[in-house]
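Enquirer:
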């Protein structure tokens, strides 16, 4: 158990080009029914021409700043969770510092944790703030343009992914907080690898990922609630990585919890990797504003294979 965090502003930006299942199937040998049944996805938003991860991240971060209505000078840390920046360096986070006018005295870096990346970054931010004077804040962003890595002829992956960014501004709070992370070295299950032409594309063993998620995510949630001295039923809201609608339904069943506690927005946005949890957070806070004292779990799982989550009390 550790000092907690308070979320004071969120923002989101999806890729500018919406592609429905029907639009995708003009090229791909699939159907709207096949995709919906197996994934819960009916559309995804892809980056438009010239749109970069940096652009999506900056748009989401500006919205979070506007909603938080704070002095930007109080932000002392910027972390961007992404595996898909336009270039190898500098970090997307360093560009955000300049784009947002945050000043020079800011720690800024990117974190490549793929689908677990946002919760990893959020836990890093909480640890950082715990060592700093009260009143300092952190900006944590998940941003991906996965479409540049997709093999659009591979039905197993092309139907899944979308582009977008979500951002959250956090500060210290004297509230319940616990975290849990893990790694099982199995990189071949989900990775960006060269194809026959040498182009790097996403490759995934869908069945292996499905089995991994159904085994590991319920166990992760039980571990988190045990660390917090709670039962899973005491958690009001679960904001999980939006990997597949069927996975989230199965996790709810494994925990014997109502499905409506598990927020779902994959239908419109697809799987956006590190961006999926902050995108879901932003929509959830708009549609179903939480109440102070409610317990919330954020959990990610994916490439590595990695998993991780936090449980905190809404403040």
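In my numbering, the protein residues as written are 5 to 319. All C-beta atoms, glycine included, are put in the ideal place defined by N, C-alpha and C.
Measuring straight from C-alpha to C-alpha, what distance separates residue 153 and residue 273?
Expert: Within the chain shown, residue 153 is the residue found at index 149, counting from 1. Within the chain shown, residue 273 is the residue found at index 269, counting from 1. Cα to Cα, residue 153 sits roughly 17 Å from residue 273.
Enquirer: In the structure shown, what three-state DSSP assignment does residue 93 receive?
Expert: For the purposes of this step, residue 93 is taken as the residue at position 89 of the chain shown. Residue 93 falls in the coil class under three-state DSSP.
Enquirer: Which residues in the same chain have their Cβ closer than 7 Å to the Cβ of residue 24, if we skip the five residues on either side of it in sequence?
Expert: Walking along the chain shown from the start, residue 24 turns up at place 20. The answer, listed in chain order, is 46 and 47.
Enquirer: Flag this pair as touching only if the stretch 126-146 and the stretch 275-283 have three or more C-beta atom pairs under 8 Å; answer yes or no.
Expert: The stretch 126-146, when compared against the stretch 275-283, does touch it at the 8 Å Cβ threshold.
Enquirer: Below 8 Å, can you find three or more Cβ-Cβ pairs linking the stretch 95-111 to the stretch 60-77?
Expert: Taking 8 Å as the limit for Cβ pairs, the verdict is that the stretch 60-77 does touch the stretch 95-111.
Enquirer: If contacts are defined as beta-carbon pairs under 8 Å, then residue 183 and residue 314 qualify, I think. What distance do you get, rounded to the angstrom?
Expert: Sequence index remark: in the chain shown, residue 183 carries index 179 (1-based). Sequence index remark: in the chain shown, residue 314 carries index 310 (1-based). Confirmed, about 5 Å.
Enquirer: Okay, do the stretch 256-274 and the stretch 29-48 touch, 3+ Cβ pairs below 8 Å being the bar?
Expert: Touching, yes.
Enquirer: Can you tell me whether residue 5 is buried or exposed, with buried defined as 16 or more other CB within 10 angstroms of its CB?
Expert: Translated into positions along the chain shown, residue 5 becomes position 1. Caution is warranted here: a pLDDT of 48 is assigned to residue 5, below 50, making its placement in the model unreliable, and the coordinate value is therefore given only provisionally. With fewer than 16 Cβ atoms within 10 Å of its Cβ, residue 5 is classed as exposed.
Enquirer: Name the residue from 94, 246, 217 and 222 whose alpha carbon lies nearest to the alpha carbon of residue 164.
Expert: As a position in the chain shown, residue 164 is number 160, starting the count at 1. Of 94, 246, 217 and 222, the residue nearest in Cα terms is 246.
Enquirer: Short of 6 Å in beta carbon distance, which residues of its chain neighbour residue 17, apart from the five on each side in sequence? Order them along the chain.
Expert: For the purposes of this step, residue 17 is taken as residue 13 along the chain shown, with counting starting at 1. So the list reads 60, 63, 64 and 169, once near-sequence residues are dropped.
Enquirer: Could you check where the alpha helix (DSSP H) with residue 77 kicks off and where it finishes?
Expert: Taking the chain shown and counting its residues from 1, one reaches residue 77 at position 73. No alpha helix (DSSP H) contains residue 77, which DSSP labels as neither H nor E.
Enquirer: So, at 6 Å on beta carbons, what are the nonlocal neighbours of residue 200 in its own chain, with the 5 sequence-adjacent residues on each side left out?
Expert: One-based indexing of the chain shown puts residue 200 at position 196. Around residue 200: no qualifying Cβ.
Enquirer: Helix, strand or coil: how does DSSP classify residue 245 here?
Expert: In the chain shown, residue 245 corresponds to position 241, counting from 1. Reduced to three states, the DSSP call for residue 245 is coil.
Enquirer: In this structure, how does DSSP classify residue 198 when only helix, strand and coil are distinguished?
Expert: Your numbering for residue 198 matches position 194 in the chain shown. Three-state result, residue 198: strand.
Enquirer: Under a three-way DSSP split, which group does residue 5 fall into?
Expert: Your numbering for residue 5 matches position 1 in the chain shown. A caution first: residue 5 carries a pLDDT of 48, below 50, which makes its placement in the model too unreliable to give a value.
Enquirer: When you compare each of 53, 39, 120 and 20 to residue 243 by their alpha carbons, which one comes out closest?
Expert: Within the chain shown, the letter at position 239 stands for residue 243. The shortest Cα separation from residue 243 among 53, 39, 120 and 20 belongs to 120.
Enquirer: Report all residues from its chain with a CB closer than 7 Å to the CB of residue 7; omit the five preceding and five following residues, and keep chain order.
Expert: Here residue 7 refers to the residue found at position 3 of the chain shown. Same-chain partners within the cutoff: 134, 176, 178 and 181.
Enquirer: Closest to residue 157 by C-alpha separation, out of 305, 202 and 29, would be which residue?
Expert: Translated into positions along the chain shown, residue 157 becomes position 153. Among 305, 202 and 29, the Cα nearest to that of residue 157 is on 29.
Enquirer: Let me know if residue 211 comes out buried or exposed under the rule of 16 or more other beta-carbons within 10 Å of its beta-carbon.
Expert: Your numbering for residue 211 matches position 207 in the chain shown. That one is exposed.
Enquirer: For residue 275, which three-state DSSP category applies?
Expert: If you number the chain shown from 1, residue 275 lands on position 271. It is a strand residue.
Enquirer: So, with DSSP's three-state summary, where would you put residue 218?
Expert: Against the chain shown, residue 218 aligns to sequence position 214. Looking at residue 218 - three-state DSSP - the assignment turns out to be helix.
Enquirer: What are the residues that DSSP puts in a beta bridge with residue 173?
Expert: Sequence index remark: in the chain shown, residue 173 carries index 169 (1-based). Answer is 13 and 143, bridged to residue 173.
Enquirer: Expressed to the nearest angstrom, what Euclidean distance is found between the alpha-carbon atoms of residue 137 and residue 109?
Expert: Counting from 1 along the chain shown, the entry for residue 137 is found at position 133. Counting from 1 along the chain shown, the entry for residue 109 is found at position 105. Taking the straight line joining both Cα atoms gives about 15 Å.
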